[in-house]
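So the protein lines, in turn, are chains A and B.
Letter by letter, the first sequence follows residues 3 to 183 in my numbering.
Letter by letter, the second sequence follows residues 98 to 353 in my numbering.
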Amino acid sequence: MARHTETVKLFLIGVITAFAALSFVGTTIIRIPIPATGGYFNLGDTFVMIAAILYGPFVGFCVGFIGPALADAIGFPQFILATAVVKGLEGLVVGLVARKSETDAYMRVTFSLLLGTSIIVAGYFIFEASIYPILAVRFPFFGVTDKNAAIAELFPNTLQGVLSSLLAFGIWRVLKGRKNL
Amino acid sequence: MHETNLIRGWDKTRHWKLKFIILLLICLPGFTDYFVRKFSGPIMPGLTHWDIIYFFLVFVTVLIVSGRTILIFSISAVALISVSVVFTGGLIAFLRILKGFSVEKIYEYSPHYVSLLVRLFSVVPIAIAVVATIPVREYECVLLKRMTGVSTFERIILMVSRVLSHVIYTVLPTIVQIMKEERYARKAYPVKEMLEDSVMKSTKFRRRVSRVIAEILTIGVSFICCSLEYIPLWAQEISRLPSRKEFKENANGTPY
Numbered sequence: 003m004a005r006h007t008e009t010v011k012l013f014l015i016g017v018i019t020a021f022a023a024l025s026f027v028g029t030t031i032i033r034i035p036i037p038a039t040g041g042y043f044n045l046g047d048t049f050v051m052i053a054a055i056l057y058g059p060f061v062g063f064c065v066g067f068i069g070p071a072l073a074d075a076i077g078f079p080q081f082i083l084a085t086a087v088v089k090g091l092e093g094l095v096v097g098l099v100a101r102k103s104e105t106d107a108y109m110r111v112t113f114s115l116l117l118g119t120s121i122i123v124a125g126y127f128i129f130e131a132s133i134y135p136i137l138a139v140r141f142p143f144f145g146v147t148d149k150n151a152a153i154a155e156l157f158p159n160t161l162q163g164v165l166s167s168l169l170a171f172g173i174w175r176v177l178k179g180r181k182n183l
Numbered sequence: 098m099h100e101t102n103l104i105r106g107w108d109k110t111r112h113w114k115l116k117f118i119i120l121l122l123i124c125l126p127g128f129t130d131y132f133v134r135k136f137s138g139p140i141m142p143g144l145t146h147w148d149i150i151y152f153f154l155v156f157v158t159v160l161i162v163s164g165r166t167i168l169i170f171s172i173s174a175v176a177l178i179s180v181s182v183v184f185t186g187g188l189i190a191f192l193r194i195l196k197g198f199s200v201e202k203i204y205e206y207s208p209h210y211v212s213l214l215v216r217l218f219s220v221v222p223i224a225i226a227v228v229a230t231i232p233v234r235e236y237e238c239v240l241l242k243r244m245t246g247v248s249t250f251e252r253i254i255l256m257v258s259r260v261l262s263h264v265i266y267t268v269l270p271t272i273v274q275i276m277k278e279e280r281y282a283r284k285a286y287p288v289k290e291m292l293e294d295s296v297m298k299s300t301k302f303r304r305r306v307s308r309v310i311a312e313i314l315t316i317g318v319s320f321i322c323c324s325l326e327y328i329p330l331w332a333q334e335i336s337r338l339p340s341r342k343e344f345k346e347n348a349n350g351t352p353y
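Below is the structure:
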């Protein structure tokens with residue numbers, strides 16, 4: 003029994019590592035910068051969402067917290083904090099809403115992806131418009147955004163969320179029948 | 098002898114902790130992005146003296162500590178990343194200004210991209226060198242051969258290192274191969290020719306879009322399936338390694 007529990011734990015650690023690596027690659031390779039804020043558009047969210055849908059909120063949270071934040075460390079260190087919190091929350095919420103979606107799977111997954119997109123948009127807006135300017139008073143390192151920049155980033159973030167959700171939905175439809183995953 | 102060291106780097110398994118600490122210390126200013134800029138004056142907009150010094154410091158350190166192979170690999174990685182980050186970003190900014198979507202001038206944006214490019218050329222090589230310094234395979238061999246059992250933390254390390262090595266050395270090349278094959282398939286059966294004699298010309302655009310979406314989904318699904326392929330097997334295998342506790346309990350019996 004103890005061995006079985008340990009196998010399951012190790013399996014989840016492996017899954018978290020794999021998805022974190024995938025979201026890191028997805029975030030690093032496809033990066034379209036947003037000139038107004040110095041941030042960038044990417045499709046790494048797809049893997050966070052898929053991990054959350056397939057393996058639940060804990061895996062989703064860990065993948066969102068680790069993968070995209072590591073990608074931010076390469077070239078955009080100011081955004082590590084915001085990314086870790088926002089994407090972690092996104093994975094957690096998507097996983098919570100989408101889990102146990104046996105009967106009304108399509109509805110639940112669609113709703114969870116919509117919620118995930120909203121969290122990306124709202125989360126980054128809150129960080130860039132409020133939290134970073136407050137932090138910048140004490141730590142100039144965070145002085146990269148303000149309210150105007152946050153507003154300018156609303157559209158790219160929405161686009162990023164919607165595209166990632168669509169991709170995640172497509173991949174989930176292909177993978178949902180596979181019992182060995 | 099000296100040249101051999103530069104090509105292979107400082108012998109990988111010897112003093113890896115010392116090398117790791119040296120690289121970690123050097124990578125700190127680059128990753129925090131703070132000290133590099135705070136104590137230096139600008140050479141040109143977006144570029145400071147410290148940026149240049151740091152850039153050379155990183156290159157020399159990576160060359161000496163990790164070797165030429167890692168340095169060349171990291172330069173290729175930077176080139177790949179900067180295509181989208183720096184050049185596409187610069188192009189988008191330029192087009193926005195050209196079309197009148199932005200009130201700012203080109204010279205207001207250009208320092209951002211200059212500093213971003215220099216930062217990527219410093220940060221990516223040092224990050225790759227730090228990861229490459231850890232002798233993962235050797236450590237894995239030591240753990241698997243150990244007769245005194247493996248702790249829970251070491252099991253986690255084993256799992257993480259296996260999955261990461263698998264993604265880096267197997268999954269990524271496989272995906273590149275899949276993308277190449279998709280490209281060949283696209284060349285061999287172009288949508289245009291397929292539909293040339295078709296009466297359903299109105300569906301041409303739809304088919305083209307469907308094919309692109311199908312290709313993206315294929316790559317995404319392949320990425321996930323390839324990465325997760327051996328995880329259940331490895332979880333079973335690693336969980337069956339003797340634990341420290343089991344070893345202590347069987348200390349008087351036959352060793353594993």
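C-beta atoms are modelled at their ideal positions from N, C-alpha and C, and glycine is treated no differently.
On a predicted model such as this, the values are computed, not experimentally measured, just so you know.
Roughly how many whole angstroms lie between the Cα atoms of B:L188 and A:K178?
39 Å
Quick check on B:P139: does DSSP put it in helix, strand or coil?
strand
Is the Cβ of A:A23 closer than 8 Å to any Cβ of chain B?
yes
Starting from B:P329, find everything on chain A with Cβ-Cβ shorter than 7 Å and list it in chain order.
F13
So, with DSSP's three-state summary, where would you put B:L338?
coil
Which of the residues in the region 55-84 of chain A, read from start to end, lie with their CB under 8 Å from any CB of chain B?
A75, I76, G77, P79 and Q80
Going along the chain, which residues of its own chain have a beta-carbon closer than 6 Å to the beta-carbon of A:V96, five neighbours each way excluded?
M51, A54, G62, S114 and G118
Can you list, in chain order, the residues of its chain with a C-beta nearer than 6 Å to that of B:V182? Leave out the 5 residues immediately preceding and following it.
none
Would you call B:K242 buried or exposed, if buried means 16 or more other Cβ atoms sit within 10 Å of its Cβ?
exposed
Proximity of B:F320 and A:L24 at Cβ, strictly below 8 Å:
yes
Where B:A282 and B:L144 are concerned, what is the direct C-alpha to C-alpha distance, given to the nearest angstrom?
45 Å
Which chain A residues are close to B:A282, counting only those with a beta carbon under 9 Å from its beta carbon?
None at all; the shortest Cβ gap to chain A is about 18 Å.
Under 9 Å between beta-carbons, which chain A residues line up against B:I178? List them in chain order, please.
T30, I31, R33, I76 and G77
Same chain only: Cβ atoms within 6 Å of A:A100, ignoring 5 sequence neighbours per side:
I55, R110, V111 and S114
I need the DSSP call for B:M98, collapsed to helix, strand or coil.
The pLDDT assigned to B:M98 is 43, lower than 50, so where the model puts this residue is not dependable; a value taken from the coordinates is nonetheless given after this. Of the three classes helix, strand and coil, the one that applies to B:M98 here is coil, per DSSP.
Quick one: grab the DSSP three-state call for B:Y353.
Model confidence at B:Y353 stands at a pLDDT of 47, short of 50, so the residue's coordinates are unreliable; what they give is reported in the following sentence. Note: B:Y353 maps to coil in three-state DSSP.
Closest by C-alpha distance to B:S262, when choosing among B:R234, B:A226 and B:I169
B:R234
Quick check on DSSP: helix, strand or coil for B:V247?
strand
Using a Cβ-Cβ cutoff of less than 8 Å, which residues in the same chain neighbour A:A22 once the five nearest sequence positions on both sides are dropped?
C64, V65, I68, G69 and L72
Report the CB separation of A:G28 from A:F49 in whole angstroms; it is logged as a contact under 8 Å.
6 Å
Throw me the rounded Cβ distance for the A:N159 and A:I122 pair, which I believe falls under 8 Å.
6 Å
Between which two residues does the alpha helix (DSSP H) holding A:A129 run?
Reading off the sequence shown, one finds Phe at residue 129 of chain A, where the question assumed Ala. No alpha helix (DSSP H) contains A:F129, which DSSP labels as neither H nor E.
CB-CB under 6 Å to B:I231, same chain, minus the five flanking residues each way: which ones, in chain order?
none
If the cut is a Cβ gap below 7 Å, which residues of chain B does A:A20 touch?
V260, V264, S324, L325 and I328
Run through DSSP, which three-state label would A:R101 get?
coil
At least one CB of chain A closer than 8 Å to the CB of B:M276: is that the case?
no
So is B:M256 in contact with chain A if we call contact Cβ pairs under 8 Å?
yes
I'd like to check one pair, B:V227 with A:A20: are the Cβ atoms closer than 8 Å?
no
Going by the beta-carbon positions, is the gap between B:P339 and B:G186 smaller than 8 Å?
no
My parser needs the alpha helix (DSSP H) runs of 4 or more residues fully inside the region 17-90 of chain A; what are they?
47-57 and 59-75
Starting from B:G197, find everything on chain A with Cβ-Cβ shorter than 8 Å and list it in chain order.
Near B:G197 there are no residues of chain A at all, since even the closest Cβ is about 14 Å away, more than 8 Å.
Determine the DSSP secondary structure at B:T145, reduced to helix, strand or coil.
strand
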